[in-house]
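*Asks:* Per this note's numbering, the very first residue in the sequence shown carries number -6; after that it's consecutive.
From the three backbone atoms N, C-alpha and C, an ideal C-beta is built for every residue, glycine too.
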Amino acid sequence: MTGLLTQAEGGPVAIENADAKGEFLFVCEHASRRLPERLGTLGLSEEALESHIAWDPGALAVCRFLAKRLDATLVHQRFSRLVYDCNRPPESDAATPVVSEVYEVPGNRMMSAAERRARVDEIYLPFKEAVSQLISDRRASGRRPVLVTMHSFTPVYFGEPRSVEIGILHDADSRLADRMLAAAAVGDVGYDIRRNEPYGPADGVTHSLIEYGIRFGVPNVMIEIRNDLIRNEIGQRVVADYLEGLLTTGVAALPAK
-6 MTGLLTQAEG GPVAIENADA KGEFLFVCEH ASRRLPERLG TLGLSEEALE
44 SHIAWDPGAL AVCRFLAKRL DATLVHQRFS RLVYDCNRPP ESDAATPVVS
94 EVYEVPGNRM MSAAERRARV DEIYLPFKEA VSQLISDRRA SGRRPVLVTM
144 HSFTPVYFGE PRSVEIGILH DADSRLADRM LAAAAVGDVG YDIRRNEPYG
194 PADGVTHSLI EYGIRFGVPN VMIEIRNDLI RNEIGQRVVA DYLEGLLTTG
244 VAALPAK
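1) Could you check what DSSP says for His144 in three-state terms: helix, strand or coil?
2) Given this structure, state the Cα-to-Cα distance separating Arg71 from Arg27, to the nearest angstrom.
3) For Ile223 versus Ala106, is the C-beta distance shorter than 8 Å?
4) Measuring alpha carbon to alpha carbon, tell me which of Leu239, Phe17, Thr89 and Glu9 ends up nearest Arg132.
5) When you compare only the Cα positions, how much space is there between Ala60 and Ile203?
6) Would you report the Cα separation of Pro50 and Arg136, rounded to the nearest angstrom?
7) When you compare the stretch 27 to 47 with the stretch 152 to 159, are there three or more beta-carbon pairs, one atom per stretch, that lie closer than 8 Å?
8) Measuring only the C-alpha atoms, how far is Ile128 from Phe209?
9) Could you check if Met(-6) is buried or exposed, using at least 16 other CB atoms within 10 Å of its CB as the buried criterion?
10) With DSSP as the reference, identify every bridge partner of Arg219, one or two as the case may be.
11) To which residues does DSSP link Lys83 through a beta bridge?
12) On the DSSP letters alone, give me the boundaries of the beta strand (DSSP E) that Gly160 sits inside.
13) Residues in its own chain within less than 7 Å of Val92 by CB, not counting five upstream and five downstream?
14) Kindly indicate the opening and closing residues of the alpha helix (DSSP H) around Leu239.
15) Buried or exposed: Glu103, going by 16 or more other Cβ atoms within 10 Å of its Cβ?
16) Give me the DSSP bridge partner(s) of Phe17.
17) Where does Ile46 sit, in a helix, a strand or coil, going by DSSP?
18) List the residues that DSSP assigns as beta-bridge partners of Thr66.
19) Would you mind sorting Lys14 into buried or exposed? The rule is 16 or more other CB atoms within 10 Å of its CB.
20) Here's a check: name, in chain order, each residue in its chain whose Cβ is nearer than 7 Å to the Cβ of Leu239, leaving out the five neighbours to either side.
21) Please report the straight-line C-alpha distance between Arg57 and Leu67, rounded to a whole angstrom.
22) Quick test of your reading: Gly197 and Gly100, contact by CB under 8 Å. State the CB separation rounded to the nearest angstrom.
23) Taking Cβ to Cβ, would you say Arg139 is nearer than 8 Å to Val232?
24) CA-CA distance, Thr(-1) and Pro29?
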């Protein structure tokens, strides 16, 4: 078997509000825990497939709230990060992990070269093309896009609790992150917000920022939200409200394009 997605399952990429007038472009690479029918369960239990190893709970909902308020386009992946993690390049072993935290992923361990290629061709490359085209189109029309990738993380990792609640992540281009962190430092924040935590460039998590932000020379930032804060709609709205303020303040403080 080399084909991955059936016609009934549709494509791997969803684009919402494609004709948005706002400057923000939200990207959610880990929006779904869905697996292609041909992959079955990848040898995992339902508990594992509902957990953070399969997706980023709450991240898509926060993106949708923000995209609506900011008249922004949203691009998200329709299949689980376990099939292909679109925040990793094809040469990375983490793109199709054989172990995720404490879980073995049997269905990823015995892939043939053709099966791995199918995941790149049918999941990653269409996603890459969609995001790249949106950015190119905006730049060609004289608009400056602002790339925001949205993620969530588990409160307990390998048995260790995490106190950080929101991470503002960047790679070599820290323009937007710097200004968001400066805005977060003013007044009573209410959240434990940190730079490049709980992950950073050394952990290999900034592929999308490099590929769609730095490569195109557009402002970019990755946001990580502890998922216990956004497990329901109330929490999602509250965090989205706060992030809307950080994003708009941060962009307003950027030098003129």
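*Replies:* The answer reads as follows:
1) strand
2) 7 Å
3) no
4) Phe17
5) 22 Å
6) 31 Å
7) no
8) 8 Å
9) Unreliable placement is indicated for Met(-6), whose pLDDT of 45 sits below 50; the coordinate value is still reported in the next sentence. Exposed, by the Cβ-count rule.
10) Phe146
11) According to the sequence displayed, residue 83 carries Pro and not Lys. Note: Pro83 sits in no beta bridge, so no partner.
12) Ile159 to Leu162
13) Val98
14) Glu226 to Ala245
15) It should be pointed out that residue 103 corresponds to Met in this sequence rather than to Glu. It is exposed - the Cβ of Met103 has fewer than 16 other Cβ atoms within 10 Å.
16) Val139
17) coil
18) Leu18
19) exposed
20) Met173, Ala176 and Ala177
21) 7 Å
22) Gly197 to Gly100, Cβ: 22 Å. No contact.
23) The identity of residue 139 in the sequence shown is Val, whereas the question assumes Arg. The answer is no: Cβ separation not under 8 Å.
24) 8 Å
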